[in-house]
Amino acid sequence: MNNKATILRGMTRDGSARVLVINSREIVNKMFSYHKTSPTATAALGRTVTAASMIGTMLPEAGDSVTICISGDGEAGKIIAVGDYFGNVKGYIQNPLANPPKKPNGKLDVGAAVGRGTISFVKSVGTIEPQTGTIELVSGEIAEDIATYFARSEQIPTVLSLGVLVDKDYTCLAAGGVLIQLMPFPDEKTVDLIERNAVDLVNISRYFERGMSNEEIAAIAMRDIPFDVFDTLEVEYKCDCSGERMKKKIQSLGKKEVLSLLDEQQAEGKARELTAVCRFCNTEYTYSEEELLKGI
Numbered sequence: 001m002n003n004k005a006t007i008l009r010g011m012t013r014d015g016s017a018r019v020l021v022i023n024s025r026e027i028v029n030k031m032f033s034y035h036k037t038s039p040t041a042t043a044a045l046g047r048t049v050t051a052a053s054m055i056g057t058m059l060p061e062a063g064d065s066v067t068i069c070i071s072g073d074g075e076a077g078k079i080i081a082v083g084d085y086f087g088n089v090k091g092y093i094q095n096p097l098a099n100p101p102k103k104p105n106g107k108l109d110v111g112a113a114v115g116r117g118t119i120s121f122v123k124s125v126g127t128i129e130p131q132t133g134t135i136e137l138v139s140g141e142i143a144e145d146i147a148t149y150f151a152r153s154e155q156i157p158t159v160l161s162l163g164v165l166v167d168k169d170y171t172c173l174a175a176g177g178v179l180i181q182l183m184p185f186p187d188e189k190t191v192d193l194i195e196r197n198a199v200d201l202v203n204i205s206r207y208f209e210r211g212m213s214n215e216e217i218a219a220i221a222m223r224d225i226p227f228d229v230f231d232t233l234e235v236e237y238k239c240d241c242s243g244e245r246m247k248k249k250i251q252s253l254g255k256k257e258v259l260s261l262l263d264e265q266q267a268e269g270k271a272r273e274l275t276a277v278c279r280f281c282n283t284e285y286t287y288s289e290e291e292l293l294k295g296i
């Protein structure tokens, strides 16, 4: 089994569609190591970061990013994933212990954990203002919601399959996804074949569990459709937080508010210092009063 998270990118030879395949097991396992998620929360956030990684690689240039924000009324709470141009990704789930009962067929009920609500995309591209779009959640199962977003908000017909298998010790056994998007003026025969082949992508995580390569899975998605692979990328769960950045966030509250928070710490018998925690990797940063007031 591949021990690196990788993305295959390809295109049909007639230019009708692009195809991406990701093996995201290592991304999801690193995510789990940070967030200690329940099985259902692992599946929910794992699917979201898997999608964000693929979508990130479709951005125009280095420095661009895409943020997927799922706001449902289920016990999972808010789910956020941020992907960059290189396919690196980070994610957050408000309730990492969300774990509703399984479906009657024994599968994890991600839709119940997410609930009803909205899915939003924020694309930060170049120097222009971030582009934002929001739709109502369709099922809360993540893949269908993202595909529907592309169809409705960006008018891009999309096939998306995402899967995460959780092991008995709660780590990720297998994870990955396939993303197919039609280009302008696609060939009708190619479109028909893509729709036919989509049926074989429903249980995508099982292919990765069997140790199948991205190329083999792309061949299933593109059965009877000539296509070319133009590159393969290594991607990872990567948080870009830093002590300086977190300090500036606290300082942005203003001197009066910072002093008030320090006073509260002292009133509780604690040292006059403040601690910030990165929600994407749970790294703690602690700052003294002197550090925080310098530069405000």
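All residue numbers for the sequence shown refer to the working numbering, where the first residue is 1 and numbers rise by one. From the three backbone atoms N, C-alpha and C, an ideal C-beta is built for every residue, glycine too.
Task: For Ile27, the nearest candidate out of Ile146, Arg13, Leu182, Ala52 (CA to CA) - done: Ala52
Open item on the list: Pop quiz: Tyr85 and Gly106 are said to be a contact at Cβ under 8 Å. What is the actual Cβ separation, rounded to whole angstroms?
Closed with: Incorrect: roughly 38 Å between the Cβ atoms, too far for contact.
Open item on the list: Between which two residues does the beta strand (DSSP E) holding Ala51 run?
Closed with: Here Ala51 belongs to no beta strand (DSSP E); instead the alpha helix (DSSP H) covers 39 to 56.
Open item on the list: Classify Ala41: buried if its beta carbon has 16 or more other beta carbons within 10 angstroms, exposed otherwise.
Closed with: buried
Open item on the list: Under 8 Å: do the segment 266 to 280 and the segment 245 to 256 share three or more Cβ pairs, one atom per stretch?
Closed with: yes
Open item on the list: Out of Pro186, Met31, Thr6, Ala17, which one is the CA nearest neighbour of Glu239?
Closed with: Correcting the residue type first, residue 239 is Cys in the shown sequence and not Glu. The residue with the shortest Cα to Cα distance from Cys239 is Met31.
Task: Contact the segment 281 to 293 vs the segment 249 to 263: 3+ CB pairs below 8 Å - done: yes
Open item on the list: Taking its Cβ as the centre, do 16 or more other Cβ atoms sit within 10 Å of Met1, making it buried, or is it exposed?
Closed with: Legend: pLDDT at Met1 = 44, less than 50; position of this residue unreliable, no value from coordinates given.
Task: Distance CB(Leu45)-CB(Ile93) smaller than 9 Å - done: yes
TODO: Answer with buried or exposed for Phe230, where buried requires no fewer than 16 other C-beta atoms within 10 angstroms of its C-beta.
DONE: exposed
Open item on the list: Here's the rule I'm using: 16 or more other beta-carbon atoms within 10 Å means buried, otherwise exposed. How should Ala221 be labelled?
Closed with: buried
Task: For Leu20: DSSP bridge partner residues - done: Arg9, Leu179
Open item on the list: Using the three-state DSSP reduction, which class does Asp73 fall into: helix, strand or coil?
Closed with: coil
- [ ] Determine the DSSP secondary structure at Asp167, reduced to helix, strand or coil.
- [x] coil
TODO: May I ask which residues mark the beginning and end of the beta strand (DSSP E) holding Ser288?
DONE: 284 to 288
- [ ] Could you pull out every unbroken beta strand (DSSP E) segment of at least 3 residues lying fully inside the segment 54 to 127, listed in chain order?
- [x] 65 to 72, 78 to 84, 89 to 93, 117 to 124
TODO: Give me the Cα-Cα distance between Thr283 and Leu160, rounded to the nearest whole angstrom.
DONE: 32 Å
Task: According to DSSP, residues forming a beta bridge with Gln131 - done: Lys123
- [ ] Taking Asp169 as the reference, give the member of Val178, Thr6, Pro39, Ala143 with the closest Cα.
- [x] Pro39
Task: Where Lys90 falls, given that 16 or more other Cβ within 10 Å makes a residue buried - done: buried
Open item on the list: To the nearest angstrom, how far is the alpha carbon of Ile146 from that of Ile156?
Closed with: 11 Å
Task: Outcome for Asp263 when other beta-carbon atoms lying within 10 angstroms are tallied against a minimum of 16 - done: exposed
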